[in-house]
Amino acid sequence: MSSTTTARAAFDALIAERGLAFGGDYNPEQWPRETWREDVRLMREAGVNFVTVGVFSWATIEPRPGAREWDWLDEILALLHENGIAVDLATPVASPPPWLGIQHPDVLPVDRDGVRLIAGSRNQFSPASRTYREHALAITRDIAARYAEHPAVRMWHVGNEYGQIDHGDEAAREFRIWLERRYGGIDALNAAWNTAFWSQRYDSFDEILPPRRMPYLVNPAQSLDFRRHSSDQLLACYTELRDAIRASGAPQPITTNFMGFFAHADYHSWAAEADVVSDDQYPDPANPDAASEIALVQDLMRSLGRGRSWMLMEQSISAVSWREHNLPKSPLRARRDSLQAVARGADAICFFQWRQARSGAERFHSSMLPHAGADSDVFRGACRQGADLQKLAAVAGTEIATDVALLFDWSAWWAGEEPARPTERLSTMEQVNRWYRSLWRRGIPVDVRHPDAELDDYRVILVPHAYILSDAAAQALAGAAARGAQVVIGPFSGVADENAGILQGRSPVQLRELIGASGEEWSGMLPGALQLADGFSADDDAPRASILAERLRAEGGEVLAAHADGDLAGIPAVIRNDNAWYLGAVVSDGVLDAVLARALAAASVTGPIDGLDTLPDGLEAVRRGDVLFLLNHTQHPIDVPVTAGLVDLLTGEETGDIVGIAPGDVRALSERQHR
Ligand code: GAL
Numbered sequence: 000m001s002s003t004t005t006a007r008a009a010f011d012a013l014i015a016e017r018g019l020a021f022g023g024d025y026n027p028e029q030w031p032r033e034t035w036r037e038d039v040r041l042m043r044e045a046g047v048n049f050v051t052v053g054v055f056s057w058a059t060i061e062p063r064p065g066a067r068e069w070d071w072l073d074e075i076l077a078l079l080h081e082n083g084i085a086v087d088l089a090t091p092v093a094s095p096p097p098w099l100g101i102q103h104p105d106v107l108p109v110d111r112d113g114v115r116l117i118a119g120s121r122n123q124f125s126p127a128s129r130t131y132r133e134h135a136l137a138i139t140r141d142i143a144a145r146y147a148e149h150p151a152v153r154m155w156h157v158g159n160e161y162g163q164i165d166h167g168d169e170a171a172r173e174f175r176i177w178l179e180r181r182y183g184g185i186d187a188l189n190a191a192w193n194t195a196f197w198s199q200r201y202d203s204f205d206e207i208l209p210p211r212r213m214p215y216l217v218n219p220a221q222s223l224d225f226r227r228h229s230s231d232q233l234l235a236c237y238t239e240l241r242d243a244i245r246a247s248g249a250p251q252p253i254t255t256n257f258m259g260f261f262a263h264a265d266y267h268s269w270a271a272e273a274d275v276v277s278d279d280q281y282p283d284p285a286n287p288d289a290a291s292e293i294a295l296v297q298d299l300m301r302s303l304g305r306g307r308s309w310m311l312m313e314q315s316i317s318a319v320s321w322r323e324h325n326l327p328k329s330p331l332r333a334r335r336d337s338l339q340a341v342a343r344g345a346d347a348i349c350f351f352q353w354r355q356a357r358s359g360a361e362r363f364h365s366s367m368l369p370h371a372g373a374d375s376d377v378f379r380g381a382c383r384q385g386a387d388l389q390k391l392a393a394v395a396g397t398e399i400a401t402d403v404a405l406l407f408d409w410s411a412w413w414a415g416e417e418p419a420r421p422t423e424r425l426s427t428m429e430q431v432n433r434w435y436r437s438l439w440r441r442g443i444p445v446d447v448r449h450p451d452a453e454l455d456d457y458r459v460i461l462v463p464h465a466y467i468l469s470d471a472a473a474q475a476l477a478g479a480a481a482r483g484a485q486v487v488i489g490p491f492s493g494v495a496d497e498n499a500g501i502l503q504g505r506s507p508v509q510l511r512e513l514i515g516a517s518g519e520e521w522s523g524m525l526p527g528a529l530q531l532a533d534g535f536s537a538d539d540d541a542p543r544a545s546i547l548a549e550r551l552r553a554e555g556g557e558v559l560a561a562h563a564d565g566d567l568a569g570i571p572a573v574i575r576n577d578n579a580w581y582l583g584a585v586v587s588d589g590v591l592d593a594v595l596a597r598a599l600a601a602a603s604v605t606g607p608i609d610g611l612d613t614l615p616d617g618l619e620a621v622r623r624g625d626v627l628f629l630l631n632h633t634q635h636p637i638d639v640p641v642t643a644g645l646v647d648l649l650t651g652e653e654t655g656d657i658v659g660i661a662p663g664d665v666r667a668l669s670e671r672q673h674r
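So the sequence shown is numbered by numbering that gives the first Met the number 0: it starts at 0 and just counts up by one.
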């Protein structure tokens, strides 16, 4: 067995032994020892069985170069262990002590404008800095050597939310090495970047810099490669420390916390390096679409872990403190957010953080134990969550099945949003979320896959916006359609090659035959009406297109909708060619939903509740293993028809034909306990 398989098994064993993990970041070094005993007592009261320790403790452990202050850590690990609380021990490398930057300014990151960032906040390190990497490695090795066999330590947490981008000289050196590896020679780079444009030809790799402040637009290929490089660089920081922990003989699973669709790390390339996928999720209570947007992130995490359960490593129990205006979560809302993650495959529900900071930048960020103390609705809410999670122990380790893949590629996202394109109003995430919402409203989860991934198992493949598609991926889509899968492709897909060079020919060059149509010229567009073909209807008062349109002509495909106004009048906007569907414009929600509904119906893909194609507004339904989760995201009760005799794991009640879900409430209906 590989060490990853063994480590994953160790995670599964931890969950099997304790049930779902529940807890959060715990920063005892920020508190006097007197509070530790109270912490642990209240953790037990709340049902906390798992905490992440030490994320920001570097300066406590190493107050001066080479020092090692372990007493406090020895003591708290022992205390947690005595109380049956498992520890996810962090390498404290996300925030180096101030002395490191003072003694070695090269560890400090440089931003795009050439400004060197200083200590006094956090994340003040350059992932490219050799000095930083050596110091991070040294402290990690020592922590691993000391605690690899500690019985409290059940997991390792490397760094924190890797995301620092450096534009300085060390980053330049590393970027050049990366480019040389990718292109072999400077001629190949010049060709790939088309540096003849604006006289950018390089004579040697030594001349190349990261994109910094420039007089005008950056070469989009340079920008794309720098983003790829920066993600790889951060990943190398992680794998180096992970390998050091493993080399110490530590058998525990090792992870680092992801951040959903985070713009600076291509998690498709990171995922296999984590023994368990873990993620930080901070849906904004003010966002009316938060529930579907976070559901998509949760589907991404499940997909990154190849379908295995994942960990919600951080979330807030009430308000965060970093938005411009921070709305709280009611205890009911916080509970629903946690149960949503469980419903969508999480085996661990953790918060940032256990005890609210008394001072420091995050003094107003909510925590499980707030400033007000245990006599608070927030803490009582935490206790209720702990109790609920114990009732859901049977769900741990179970999986979620789906027939739908949604293709997403970080490179395509990056290249597709480089400035100087037909419209800045086309946002990849906005489009992906719109498409997903349509499925979420039907209770249909997706596997988020890279376009080059194996797609044989899917009956529906969604491509909301893939600016870059490899030839192989385009062929795979055609192959999937030929074997009967429904393939739905959104506008501005298959535009560029892997170096962000625009494919030559009528668009989308690689997909032309598949979609039975081709186009010339993409442009921004003002909102305009769509004329729907007979037999194609949408639940839409005024079918529209907007944002971006492509001058398409049908070449065998059936035109389901065409532009009705102005210069574009008569130009196809929605095409169907057997099993392939293509949108040549950003279409309104109703039209998009109509297309997706037809594709799903053609593939006979339905949601988890018989007879309900579309769920009542604000109801989320997802089946995990043999438990049907129903979450009411509204302020009013919702009734749902279900099979009679299911047992709600949260209440112990048996269902009739209809189950009522109170505002904000959640049901977890088990079929196994079906009587
Ligand atoms: C995360 C971070 C935590 C804390 C939290 C606040 O991004 O990992 O340390 O800052 O946000 O929401």
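C-beta atoms are modelled at their ideal positions from N, C-alpha and C, and glycine is treated no differently.
Under three-state DSSP, which class holds H156? strand
Please name the residue or residues paired with S382 in a DSSP beta bridge. According to the sequence displayed, residue 382 carries Cys and not Ser. Beta-bridge pairing links C382 to no other residue.
Check whether the segment 408-415 touches the segment 295-303, counting contact only when three or more Cβ pairs, one atom from each stretch, lie closer than 8 Å. No, the segment 408-415 does not touch the segment 295-303.
Could you say if the segment 276-286 and the segment 246-257 meet the contact criterion of at least three C-beta pairs nearer than 8 Å? yes
Do V106 and L99 come within 8 Å of each other at the CB atom, strictly closer than that value? A contact, by the Cβ cut-off of 8 Å.
I need the straight-line Cα distance from A560 to G396, nearest angstrom please. 45 Å
Suppose contacts are defined by Cβ-Cβ distances below 8 Å. Is L438 in contact with I546 by that definition? In this structure, L438 sits away from I546, with a CB-CB distance that is not shorter than 8 Å.
State buried or exposed for L326, treating a residue as buried only when at least 16 other CB atoms are found within 10 Å of its CB. If you draw a 10 Å sphere on the C-beta of L326, you find fewer than 16 other C-beta atoms in it, and that means exposed.
Applying the 10 Å Cβ sphere with the 16-neighbour rule, what's the burial state of V114? exposed
Considering only their Cβ atoms, is the gap separating V459 from Q485 smaller than 8 Å? yes
Using 8 Å for Cβ pairs, my map puts S315 next to S365. What's the rounded Cβ distance? 5 Å
Cβ distance (whole Å) where A85 is taken to contact A151 below 8 Å: 7 Å
Is N159 near the ligand GAL, judged by its Cβ being under 7 Å from some heavy atom? In this structure, the C-beta of N159 approaches the ligand GAL to less than 7 Å from one of its heavy atoms.
From this set, G644, E33, W35 and A45, which residue's C-alpha is nearest G22's C-alpha? A45
Taking the C-alpha atoms as reference points, what is the distance between W353 and A143? 24 Å
Would you mind working out which of G162, P450 and L188 sits nearest L178, comparing C-alpha positions? L188
Close-in-space but distant-in-sequence residues of the same chain around A6 (CB under 6 Å, 5 per side omitted): So the list reads P252 and D274, once near-sequence residues are dropped.
On the DSSP bridge assignment, give the partners of D638 in chain order. G659
Tell me the DSSP secondary structure of I705 in three-state form. Since the first residue of the chain shown is 0 and the last is 674, residue 705 is not available in this structure.
Return the CA-CA distance between A360 and A472, expressed in angstroms with no decimal places. 46 Å
Are there 16 or more other CB atoms within 10 angstroms of the CB of L19, so buried, or fewer, so exposed? buried
Have a look at N286, H635 and R666 and flag the residue whose alpha-carbon is nearest the alpha-carbon of H324. N286
Should A290 go down as buried or exposed, given a rule of 16 or more other Cβ atoms within 10 Å for buried? By the neighbour-count rule (16 or more Cβ atoms within 10 Å), A290 is buried.
For T427, name the three-state secondary structure that DSSP assigns. helix
Reference R212; option with closest CA among G167, F174 and L240: Selected option, being the one with the closest Cα: G167.
What do you reckon, is the C-beta of F350 under 7 Å from a heavy atom of the ligand GAL? no
Mind checking who I574 pairs with in its DSSP beta bridge? Bridge partners of I574: V558 and Y581.
Buried versus exposed, by CB contacts within 10 Å (16 or more), L216: exposed
Would you say the beta carbon of E313 is closer than 7 Å to some non-hydrogen atom of the ligand GAL? yes
Y281: beta carbon under 7 Å from a heavy atom of the ligand GAL? yes
Mind checking who N122 pairs with in its DSSP beta bridge? Residue pairing from DSSP leaves N122 without any beta-bridge partner.
Please identify the residue among I488, V487, G489 and S506 whose C-alpha is closest to the C-alpha of D496. Looking at the Cα atoms, S506 is the closest of the given residues.
Confirm the yes/no value for this check: CB of E554, any heavy atom of the ligand GAL, distance under 7 Å. Short note on E554: C-beta not closer than 7 Å to any heavy atom of the ligand GAL.
Tell me whether H156 counts as near the ligand GAL, meaning its Cβ is closer than 7 Å to at least one heavy atom of that ligand. no
Does the beta-carbon of A264 have 16 or more other beta-carbons within 10 angstroms, so that it is buried, or is it exposed? buried
Straight-line gap, E313 to Y25 (C-alpha atoms, nearest Å): Taking the straight line joining both Cα atoms gives about 11 Å.
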